[in-house]
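Report on one structure; see the data block that follows.
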Amino acid sequence: MTTAGMNIAALAQRTGIAPDTLRKWEQRYAILQPVRTPGGQRRYCEEDVSRVEWLRARLDEGYRIGEAAALLGAADAEPCATPAELRSALRDALAQTDPEAVARLLDQTFALHRVESALSEVVRPLLQEVGDGWAAGRYRIAEEHLLSAAVRARLERLLAEARGTTRGVAVLACAPG
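For the sequence shown, counting from 1, position 138 maps to 137 in numbering that gives the first Met the number 0; every step adds exactly one.
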């Protein structure tokens, strides 16, 4: 069978995600849009494999599927991918004083790159550039504050996501008497 005509069992085998789970993701999050055969069977292509593998990587990093699907949508909506392109797009959003674009681009940065590379290749160099640029008069204080606040908010979300919703187990004990 060719990759362009892969059935759900083959997609599940390639990605390690169960067929029932793939169907639910398709239904709930519209992340897959397979072609249907005349008999109604789903057929997936290589792009679908890439999308599912990308989602699986986000799940392995601790994201919930709804969050990962939203990040996938953000990543699909924006053409930027390399750290240099992301830094450039963030500079443009800062110049326009567009907090929504800055937040969206930071989300995209962390969606497309591992946390370590997002921080070391996009966030840290841009913070350094904007800080030095402000001191030299190339950036306005509003741009520096916008970037700092957006980065802080994104890092707080990352920490909250890493903690998850479960709390540690509490053990209560009383001494006799």
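We treat Cβ as the ideally placed atom computed from N, Cα and C, and that holds for glycine. Note that the coordinates shown come from a computational prediction; the quantities given were computed from them, not determined experimentally.
>> Using C-beta distances below 8 angstroms, list every residue in its chain close to A152, excluding the 5 sequence neighbours before and after it, in chain order.
In response: Answer for A152: A102, listed in chain order.
> Does the separation of the CB atoms of I7 and A68 fall below 8 angstroms?
Replying inline: Contact flag unset, no.
> Quick one: is E46 buried, meaning 16 or more other Cβ sit within 10 Å of its Cβ, or exposed?
Replying inline: Counting the other Cβ atoms within 10 Å of the Cβ of E46 gives fewer than 16, which makes it exposed.
> Would you report the Cα separation of W133 and C44, rounded to the nearest angstrom?
Replying inline: Straight-line Cα distance between these residues: approximately 48 angstroms.
>> So for V34, helix, strand or coil by DSSP?
In response: Under the three-state reduction of DSSP output, V34 falls in the strand class.
> Does the distance from the CB of L125 to the CB of R86 come in under 8 angstroms?
Replying inline: For the pair L125 and R86, the CB atoms are nearer than the 8 angstroms cut-off.
> Using the rule of at least 16 other Cβ atoms within 10 Å of the residue's Cβ for burial, across every protein chain shown, is A3 buried or exposed?
Replying inline: Residue placement at A3 is flagged as unreliable, the pLDDT there being 49, under the threshold of 50; a coordinate-derived value is accordingly withheld.
> Under 8 angstroms between the Cβ atoms of D106 and L70?
Replying inline: For the pair D106 and L70, the CB atoms are nearer than the 8 angstroms cut-off.
>> Is the separation between the beta-carbon of G201 and that of E160 shorter than 8 angstroms?
In response: Outside the displayed span of the chain (0 to 176) sits residue 201, for which this structure offers no information.
> DSSP on M0, reduced to helix/strand/coil?
Replying inline: Annotation note: pLDDT 41 at M0 (below 50); position unreliable, no value reported.
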